[in-house]
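Q: Dropping the structure in here first, questions after.
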Amino acid sequence: MAQRRMLMKGTEAIAEAAIRAGCHHFFGYPITPQNEIPEYMSRRLPQVGGVYLQAESEVAAINMLCGAGAAGVRVMTSSSSPGVALMSEGASYMVGGELPAVIVNIMRGGPGLGDIQPSQGDYDQMTRGFGHGDKHFIVLAPSTVQEAVDMMALAFDLADEYRNPCVVLGDGLIGQMMEPVTFPEPSERTFDRSWAATGKKPGQRRNILRSLFLDPEVLEKHVEKLFEKFKVMELKEQRYEAWMMDDAPPVVISAYGTTARIAKSAIRELRAEGHRVGLFRPISAWPFPVDGLATYVEQTRLFLGIEMSMGQMVEDVRRVVAGRRPVQFWGRTGGMVPTVEEIVAQVKERSAALGQ
Amino acid sequence: MAEQVAFKRTSVLTDDYFHYCPGCTHGVAHRLVAEVIEEMGIQDRTIGVSPVGCSVLAYNYLDVDFVEAAHGRAPAVATGIRRTLPEDRYVFTYQGDGDLASIGMAEIIHAANRGEKITVIFINNAIYGMTGGQMAPTTLPGMRTTTSPNGRDTGLCGHPIRMCELLDTLVEPKFIARGSLSSPKLILKAKKLLRQAFDLQHSGFTFVELLSTCPTGWGLTPDNSLAWLERNMVPFFPMEVFREPGKMPPQATPYHPDLKVRDDAPKAEKKTEEG
Ligand code: SF4
Numbered sequence: 109m110a111q112r113r114m115l116m117k118g119t120e121a122i123a124e125a126a127i128r129a130g131c132h133h134f135f136g137y138p139i140t141p142q143n144e145i146p147e148y149m150s151r152r153l154p155q156v157g158g159v160y161l162q163a164e165s166e167v168a169a170i171n172m173l174c175g176a177g178a179a180g181v182r183v184m185t186s187s188s189s190p191g192v193a194l195m196s197e198g199a200s201y202m203v204g205g206e207l208p209a210v211i212v213n214i215m216r217g218g219p220g221l222g223d224i225q226p227s228q229g230d231y232d233q234m235t236r237g238f239g240h241g242d243k244h245f246i247v248l249a250p251s252t253v254q255e256a257v258d259m260m261a262l263a264f265d266l267a268d269e270y271r272n273p274c275v276v277l278g279d280g281l282i283g284q285m286m287e288p289v290t291f292p293e294p295s296e297r298t299f300d301r302s303w304a305a306t307g308k309k310p311g312q313r314r315n316i317l318r319s320l321f322l323d324p325e326v327l328e329k330h331v332e333k334l335f336e337k338f339k340v341m342e343l344k345e346q347r348y349e350a351w352m353m354d355d356a357p358p359v360v361i362s363a364y365g366t367t368a369r370i371a372k373s374a375i376r377e378l379r380a381e382g383h384r385v386g387l388f389r390p391i392s393a394w395p396f397p398v399d400g401l402a403t404y405v406e407q408t409r410l411f412l413g414i415e416m417s418m419g420q421m422v423e424d425v426r427r428v429v430a431g432r433r434p435v436q437f438w439g440r441t442g443g444m445v446p447t448v449e450e451i452v453a454q455v456k457e458r459s460a461a462l463g464q
Numbered sequence: 007m008a009e010q011v012a013f014k015r016t017s018v019l020t021d022d023y024f025h026y027c028p029g030c031t032h033g034v035a036h037r038l039v040a041e042v043i044e045e046m047g048i049q050d051r052t053i054g055v056s057p058v059g060c061s062v063l064a065y066n067y068l069d070v071d072f073v074e075a076a077h078g079r080a081p082a083v084a085t086g087i088r089r090t091l092p093e094d095r096y097v098f099t100y101q102g103d104g105d106l107a108s109i110g111m112a113e114i115i116h117a118a119n120r121g122e123k124i125t126v127i128f129i130n131n132a133i134y135g136m137t138g139g140q141m142a143p144t145t146l147p148g149m150r151t152t153t154s155p156n157g158r159d160t161g162l163c164g165h166p167i168r169m170c171e172l173l174d175t176l177v178e179p180k181f182i183a184r185g186s187l188s189s190p191k192l193i194l195k196a197k198k199l200l201r202q203a204f205d206l207q208h209s210g211f212t213f214v215e216l217l218s219t220c221p222t223g224w225g226l227t228p229d230n231s232l233a234w235l236e237r238n239m240v241p242f243f244p245m246e247v248f249r250e251p252g253k254m255p256p257q258a259t260p261y262h263p264d265l266k267v268r269d270d271a272p273k274a275e276k277k278t279e280e281g
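Taken in sequence, the protein lines are chains E and Z.
Numbers in this note's numbering are just positions in the first sequence, counted from 1, shifted up by 108.
Numbers in this note's numbering are just positions in the second sequence, counted from 1, shifted up by 6.
What follows is the structure, encoded as structure tokens:
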């Protein structure tokens, strides 16, 4: 069936994509700049027989996800940086209890209350510091509204496949942008739910969903089992885009999300002037596309990380490049969206220093 | 001659031995919950939510599906379950006073205020048991704990919180009652309260507080603990049914404001001067 293209705002497209992916339960707490997601959900979910519930806090919202995830339904929340920080407790419990859910973080400026403008200051929060203990979350970072739409279905499938919360990490620009989108056909995949707490079936073992294992040996076995899943994720779920990389450009920009999109415009200008520059764009922030980036290290003379932060993802680039090539960084913070001109100037200056 | 069964273990309790200290009334409370679930025939439709505290392992003893909650968050977890599963399910939380009345205050108040169709079983023993006897939000004035070595100073920490009375200010709850586990007679009464709460669960939020002993935290023998509870806790935490069908206090009356008035009313004249 041919799919209709619709002009939609990023936040609303994300919400609609989630509903079409079979998510009929949403729990959240208002925070700018993502309020259109809960607002859209509060209108749409009752129409499809779903549940929208405004929680008393982000802390409560993530724990409602915990309950709904334990009951075996597709469930999501959305929030923004400081609100997501409040969810880190519950998110860690969900990893421990192996409960699926999707958490959308539309990042804003920080630290603290920061501002409500687009930012990429939560890369570390989502890939490193989201909750206590040994754990990981798959983190998907869309660069366009269409990609965000496609990612929602993927995020729910990944959450169900691995029984682990999955994060979609966007910024305020993607949230507010209007773009034509096509909604994908609903996925055909089905997932085992026999583990869910829905009431003990007569004659069957009951289900207890928990993260407490008081015996340290048992806890270690549990964590090792979780890490077997994370290992599979690291093997199978690395996603990236290598753009304008076929002619082995000496300068490679690493950027994700909206910043990568701006970088593409800059690269087009630079190439028009004869500068060979490419883009390495992680689509999965975790697992970081280590293998993809590794293939480009030898051929590259300079990596330049560009982010709407003081440099967070660039640490992952440095980890992979491992000192073999210079890895530099340039970034702006919350709300100070890098411009094409700025990026062009940065690349020119740095290539000149390379003797290009 | 046929044997008469005077006492039978309920099938909703597992074979595990309770890990609770001697004389602790958690075990009694577990048994009462199990009996109610058995008598109602809802074992296959019941989902429990366990807290953080001494009863964190409640799922080891109560033979129903269970979800473990973070400290204080059980009402939010129960909300997620309740809003997801078919209506014929029974969802309950089992929480202590530190869990429910301190760190989980927001979650319990809002779950009650939304009228979540769950039963909350609140074990009040006026102390943090599992962490080693620290001061709780329900610790009595002057009561010694490991973090109030000279007795709870109300000038510094305020008075204990009465949860039933607090929740009774809300419109939605359908059942709020406080009982005690300090004597066989009161235990039978407590079971009735639990049964009433479960019976009413599908009509709205139901809450049963049970005054409970913590001989270890209190530094008393099991016997003395029971006497201490009745002498000191009952006067401050009265055993009452605060709310039940037919006993809805005025504060439980729904409020229906006439929101249309604002639209119909003639527009106020625009002020030209700052008043
Ligand atoms: S510490 Fe207190 S509440 Fe905990 S099991 Fe022992 S007696 Fe019971």
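Beta carbons are placed, not taken as given, at the ideal position from N, Cα and C, and that holds for glycine.
Only a predicted model underlies this, so the values are computations on that prediction, with no experimental measurement involved.
Measuring only between beta-carbons, confirm whether Thr-185 (chain E) sits less than 8 Å from chain Z.
A: Taking Cβ atoms only, chain Z never reaches closer than 8 Å to Thr-185 (chain E), which makes this a no.
Q: Distance, Cα to Cα, Leu-235 (chain Z) vs Lys-14 (chain Z)?
A: So the alpha carbons of these two residues sit roughly 28 Å apart.
Q: Flag Met-341 (chain E) as yes when its Cβ comes closer than 7 Å to any non-hydrogen atom of the ligand SF4, and as no otherwise.
A: No, the beta carbon of Met-341 (chain E) sits no closer than 7 Å to any heavy atom of the ligand SF4.
Q: What are the complete beta strand (DSSP E) segments, minimum 3 residues, inside the region 135 to 196 of chain Z?
A: Fully enclosed beta strand (DSSP E) runs of 3 or longer: 181 to 186.
Q: Can you give, in chain order, each stretch of the beta strand (DSSP E) that sits fully within the region 205 to 250 of chain Z and has at least 3 residues?
A: Whole beta strand (DSSP E) segments, 3+ residues: 212 to 217 and 247 to 249.
Q: Please classify Met-418 (chain E): is it buried, with 16 or more other beta-carbons within 10 angstroms of its beta-carbon, or exposed?
A: It counts as exposed.
Q: DSSP three-state call for Thr-447 (chain E): helix, strand or coil?
A: Looking at Thr-447 (chain E) - three-state DSSP - the assignment turns out to be coil, as it is neither helix nor strand.
Q: What is the DSSP secondary structure of Met-202 (chain E), counted as helix, strand or coil?
A: Three-state result, Met-202 (chain E): helix.
Q: If the cut-off is 7 Å on Cβ atoms, which residues from the region 75 to 89 of chain Z count as contacting chain E, listed in chain order?
A: The region 75 to 89 of chain Z vs chain E, Cβ under 7 Å: Ala-75, Ala-76, Arg-79, Ala-82, Val-83, Ala-84, Thr-85, Gly-86, Ile-87 and Arg-89.
Q: For Gln-392 (chain E), which three-state DSSP category applies?
A: Correcting the residue identity first, residue 392 (chain E) is Ser in this sequence and not Gln. Ser-392 (chain E): strand per DSSP, three-state reduction.
Q: Of all the residues that make up the region 114 to 135 of chain E, which are near chain Z by a beta-carbon distance shorter than 8 Å?
A: Hits within the stretch, in order: His-133 and Phe-135.
Q: Could you check if Met-136 (chain Z) belongs to the surroundings of the ligand SF4, using beta carbon to heavy atom distance under 7 Å?
A: Yes, since a heavy atom of the ligand SF4 falls inside the 7 Å radius drawn around the Cβ of Met-136 (chain Z).
Q: Name, in chain order, the residues that DSSP records as bridge partners for Trp-438 (chain E).
A: DSSP output for Trp-438 (chain E) lists E:Ile-414 as bridge partner(s).
Q: What span of residues does the beta strand (DSSP E) with Lys-117 (chain E) cover, start to end?
A: Lys-117 (chain E) -> beta strand (DSSP E) spans 113 to 117.
Q: Rank E:Ser-196, E:Thr-252 and E:Arg-376 by C-alpha distance to the C-alpha of Asp-230 (chain E) and give the top, closest one.
A: The residue with the shortest Cα to Cα distance from Asp-230 (chain E) is E:Ser-196.
Q: Over what stretch of residues does the beta strand (DSSP E) that includes Thr-162 (chain E) continue unbroken?
A: Checking the sequence, you will find Gln at residue 162 (chain E) rather than Thr. Residues 159 to 162.
Q: I'd like to check one pair, Gly-283 (chain E) with Pro-190 (chain E): are the Cβ atoms closer than 8 Å?
A: No, they are not a contact pair.
Q: Going by the C-beta, is Gly-223 (chain Z) closer than 7 Å to any heavy atom of the ligand SF4?
A: Correct: Gly-223 (chain Z) has its Cβ closer than 7 Å to the ligand SF4.
Q: Skipping 5 residues on each side, what residues in its chain have a beta carbon closer than 7 Å to that of Ala-75 (chain Z)?
A: So the list reads Val-55, Ser-56, Pro-57 and Val-83, once near-sequence residues are dropped.
Q: Let me know the secondary structure DSSP gives Arg-376 (chain E) once reduced to three states.
A: If DSSP states are grouped into helix, strand and coil, Arg-376 (chain E) belongs with the helices.
Q: Judging by CA-CA distance, which residue of E:Gly-386, E:Thr-290 and E:Pro-390 is the nearest neighbour of Ser-355 (chain E)?
A: First, the residue type needs correcting, since residue 355 (chain E) is Asp and not Ser in the sequence shown. The candidate whose alpha carbon is nearest that of Asp-355 (chain E) is E:Gly-386.
Q: Is there at least one non-hydrogen atom of the ligand SF4 closer than 7 Å to the beta-carbon of Asn-131 (chain Z)?
A: Checking the Cβ of Asn-131 (chain Z) against the ligand SF4 gives yes.
Q: With DSSP collapsed to three states, give me the class of Glu-122 (chain Z).
A: Coil.
Q: Reducing DSSP to helix, strand and coil, say where His-133 (chain E) ends up.
A: Here His-133 (chain E) sits in strand by DSSP.
Q: The alpha helix (DSSP H) with Val-422 (chain E) in it runs from where to where?
A: It spans 422 to 429 - the alpha helix (DSSP H) in which Val-422 (chain E) sits, taken as one unbroken run.
Q: Check Met-109 (chain E) in the structure and name its three-state DSSP category.
A: Residue placement at Met-109 (chain E) is poorly supported in this model, since its pLDDT is 45, which falls under 50; the coordinates still yield a value, given next. Note: Met-109 (chain E) maps to coil in three-state DSSP.
Q: What does the alpha-carbon distance come out to for the pair Glu-44 (chain Z) and Asp-94 (chain Z)?
A: In a straight line, the C-alpha of Glu-44 (chain Z) is about 16 Å away from that of Asp-94 (chain Z).
Q: Could you name the residues of the same chain whose beta carbon sits closer than 6 Å to that of Asp-71 (chain Z), not counting the 5 residues immediately before and after it, in chain order?
A: Cβ neighbours of Asp-71 (chain Z) beyond the five flanking positions: Ile-53.
Q: Hey, is Tyr-65 (chain Z) close to the ligand HEM, as in C-beta under 7 Å from one of its heavy atoms?
A: Because the ligand HEM does not appear in the structure shown, any question about it cannot be addressed here, the ligands present being the ligand SF4.
Q: Starting from Asn-315 (chain E), find everything on chain Z with Cβ-Cβ shorter than 8 Å and list it in chain order.
A: Going along chain Z in sequence order, the residues near Asn-315 (chain E) (Cβ under 8 Å) are Asp-71 and Phe-72.
Q: My assumption, with CB atoms under 8 Å, is that Gly-86 (chain Z) sits in contact with Met-172 (chain E). Please give the rounded CB distance.
A: About 4 Å separates the two Cβ atoms, so the contact holds.
Q: Alpha carbons only, please: which of E:Ala-393, E:Ala-169 and E:Glu-377 is nearest the one belonging to Ser-362 (chain E)?
A: Nearest of E:Ala-393, E:Ala-169 and E:Glu-377 to Ser-362 (chain E), Cα basis: E:Ala-393.
Q: Any beta carbon from chain E within less than 8 Å of Tyr-65 (chain Z)'s own beta carbon?
A: Answer yes: the Cβ-Cβ gap between Tyr-65 (chain Z) and chain E drops below 8 Å somewhere.
Q: If you scan the region 310 to 393 of chain E from start to end, which runs of the alpha helix (DSSP H) of 4 or more residues do you find wholly inside it?
A: Counting only runs of 4 or more, we get 324 to 344 and 365 to 380.
Q: Using the C-alpha atoms, what's the distance from Gly-164 (chain Z) back to Gly-185 (chain Z)?
A: Rounded to whole angstroms, Gly-185 (chain Z) to Gly-164 (chain Z) spans 24 Å at the Cα level.
Q: Count the CB pairs spanning the region 198 to 217 of chain Z and the region 124 to 142 of chain Z that are closer than 8 Å, and state whether there are at least three.
A: The region 198 to 217 of chain Z vs the region 124 to 142 of chain Z: in contact.
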